[in-house]
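Line order of the protein sequences matches chains A and B. Residue 53 in my numbering is what sits at position 53 of the first sequence, and the numbering runs on without skipping anything. All you need for my numbering is the position in the second sequence, starting with 1, plus 1000. The C-beta atom is built at its ideal place from N, Cα and C for all residues, glycine as well. Each remark here refers to the structure printed beneath this line.
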Amino acid sequence: AQRVTQPEKLLSVFKGAPVELKCNYSYSGSPELFWYVQYSRQRLQLLLRHISRESIKGFTADLNKGETSFHLKKPFAQEEDSAMYYCALRGYSSASKIIFGSGTRLSIRP
Amino acid sequence: ETGVTQSPTHLIKTRGQQVTLRCSSQSGHNTVSWYQQALGQGPQFIFQYYREEENGRGNFPPRFSGLQFPNYSSELNVNALELDDSALYLCASSPDVQDYGYTFGSGTRLTVV
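Below, the structure is given as structure tokens:
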């Protein structure tokens, strides 16, 4: 079964503290992994994808195929990071379909 | 302005009725996908259209249907509405099927009573 699991519905950390949003996936094959973000009153937008291996707004995510995980990390949280974060995957053989997790709300306390 | 607009923003329908939701994509975006997002859940893939042909479908019954037009607009039609169809419906477009940088609309909130 193709599935994306985000175990935390809410994650609250203090400003300046490290952040790790967990994501595990189940997929028979080689998927592409993504993180999407939705800031308050804004649209869902792509944050980063595993293939690009880039850091966006200080966030990074490493694909661990052995643990089937794609956790999102940032060493020092900022207040503007407060948002809803969705982990998502797409199979190379079914490029049309993106499967989203249920999301984690990140709240940064001042 | 991201270039993807959805209408209407909110809609209330009665169980058993039919509804049409509309999406206007950016010029040049040949791919449009529709998602259903229930409260507290992530978006669920309904289907995708590429150059006016259906290009993939999720686990939704046939009463969910769509159309894509040459002017980069598209529709999601839902027949025989059920209470569980109450959700936020999102449209997302991209230039091509393989593109990952989908541009999402702000959604239509459908309430079925």
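Counting only Cβ-Cβ distances below 9 Å, Leu1090(B) has contacts in chain A at Arg43, Leu44, in chain order. In the DSSP assignment, Pro31(A) is bridged to Gly91(A). Distance from the CA of Ile51(A) to the CA of Arg1015(B), rounded to the nearest whole angstrom, comes to 44 Å.
Taking 8 Å as the CB threshold, Tyr25(A) stays off the interface with chain B. Non-local C-beta neighbours of Arg49(A) in its own chain, meaning closer than 6 Å and more than five positions away in sequence, comprise Phe34, ordered along the chain. Counting C-beta pairs with one atom in each stretch, the segment 6-24 of chain A and the segment 1003-1011 of chain B have fewer than three that are closer than 8 Å, which means they do not touch. The C-alpha of Leu1110(B) is placed about 11 Å away from the C-alpha of Val1078(B). DSSP places Tyr39(A) in no beta strand (DSSP E); its state is neither H nor E. With fewer than 16 other Cβ atoms from the protein chains shown falling within 10 Å of its own Cβ, Gln1017(B) counts as exposed. Straight through space, the alpha carbons of Gly1066(B) and Phe1047(B) are spaced by roughly 8 Å. Residue range 1044-1050 is occupied by the beta strand (DSSP E) that includes Ile1046(B).
Under DSSP, Ser1033(B) shares a beta bridge with Gln1048(B), Ala1092(B).
In this structure, Ser1074(B) and Tyr1049(B) form a Cβ contact; the two beta carbons are roughly 6 Å apart against a cut-off of 8 Å.
The beta carbons of Phe70(A) and Tyr25(A) sit closer together than 8 Å. DSSP places Gln1068(B) inside the beta strand (DSSP E), whose first and last residues are 1064-1068. The C-beta of Pro1061(B) comes no closer than 8 Å to any C-beta of chain A. Ile56(A) does not reach chain B, its nearest Cβ partner there being about 12 Å away, counting only Cβ pairs nearer than 7 Å. For the options Ser107(A), Phe100(A), Thr104(A), the alpha carbon positioned closest to that of Val4(A) is the one of Phe100(A).
For Ser1007(B), no chain A residue has a C-beta closer than 9 Å to its own C-beta; the minimum C-beta separation is roughly 15 Å. Using a Cβ distance threshold of 8 Å, Ser102(A) and Gln42(A) do not count as a contacting pair.
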